[in-house]
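All residue numbers for the sequence shown refer to the working numbering, where the first residue is 2 and numbers rise by one.
Notes follow once the structure below has been shown.
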Amino acid sequence: MERTDSFWSADLGDLKNGYVEQNEAFNCLLCGEVVEKGVIYPYENRLYEAEKYIRIHIESVHGSVFDYLISMDKKLTGLTEHQNSLLRLFYQGKSDAEIQKEMGIGSQSTIRHHRFALKEKERQAKTFLALMELLKEKDQHEPAFIPVHKTARMVDDRYNITKEEQEKILNKYFPLKVLVKFPPKEKQRLVILRHIAGQLTPEQVYTEKELNEALKTFYEDYALIRRYLIDYGFLDRKHDGSQYWLKK
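Listed below in structure tokens is the structure:
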């Protein structure tokens, strides 16, 4: 899923914007939407050039870049649930007094302490990023890891997968583009499910029958694959199971 690679490799400025300029298009880093330069796009009875339209897309589909990022798994943001709640309230422009009252914690000085702690975390993050950028210039042996998909429900050691490992797993279980058997290990399952999800149409909303037919081309037990695609955060669905789609 290429948009995942683009998301993790984007610089801070592009990530804040939520999109990146690539060749003759603007690509949404949050879902992979591509908006071509030189094309005029209609939205709510008005016409927009490409860069303005990609900003409208982010606002209308994702709410804001902040909303998207703050909703990611805590292992990807590094935030505790308490810090997550505070950041949401800070972003809404609420005062320390309003936040203290809404969260029912301590006093206004307690909120100021949390602000200070978050600023300290920001300084640490900047230092760490600089260290990692410098390390890239010297580390000759760093393996090429597979990025964690942004809709992952739980991030743990099963995501410790290199591109070399991925190729070996795919060659073993997908020798002829058909899954010979569903693997027993979590890491292997993740690779297989990621591969299958990558073959589904990103913008399509599938009926259960359509999805079953698509999954049946990979493995006879399509219900098993469907369930694991949902469990691993690749697919979403309506509560009644009538419609399915790839999560963004």
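Every residue gets a Cβ at the ideal spot worked out from N, C-alpha and C, and that includes glycine.
### Task
Starting from the C-beta of GLN244, find all residues in its chain whose C-beta is less than 6 Å away, skip the five residues before and the five after it, and write them out in chain order.
VAL206
### Task
Measure the beta-carbon distance from LEU194 to TYR233 and round it to whole angstroms, keeping in mind my assumption that it falls under 8 Å.
5 Å
### Contacting residues, own chain, Cβ-Cβ under 6 Å from TRP9 (five flanking each side not counted)
Result list for TRP9: PRO148, in chain order.
### Contacting residues, own chain, Cβ-Cβ under 6 Å from LEU87 (five flanking each side not counted)
HIS115
### 6 Å CB neighbourhood of GLN167 in its chain, flanking five on each side removed
ILE147 and VAL192
### Task
Whole angstroms is fine: what's the gap from MET269's alpha carbon to SER110's?
What is shown of the chain runs 2 to 249, which leaves residue 269 out entirely.
### Between the CA atoms of ILE112 and LYS210 - distance to the nearest angstrom
52 Å
### Query
Residues in its own chain within less than 7 Å of ILE55 by CB, not counting five upstream and five downstream?
TYR20, PHE27, CYS29 and VAL36
### Message
On the DSSP letters alone, give me the boundaries of the beta strand (DSSP E) that ASP237 sits inside.
### Response
236 to 238
### Task
Tell whether a beta-carbon distance below 8 Å holds between LEU90 and ILE106.
no
### Query
Exposed or buried, which one is ILE226 when buried takes at least 16 other CB atoms within 10 Å?
buried
#### Entry: Residue range of the unbroken alpha helix (DSSP H) whose run includes TYR92
82 to 92
### Message
Considering only DSSP beta bridges, list what LEU48 is partnered with.
### Response
PRO43
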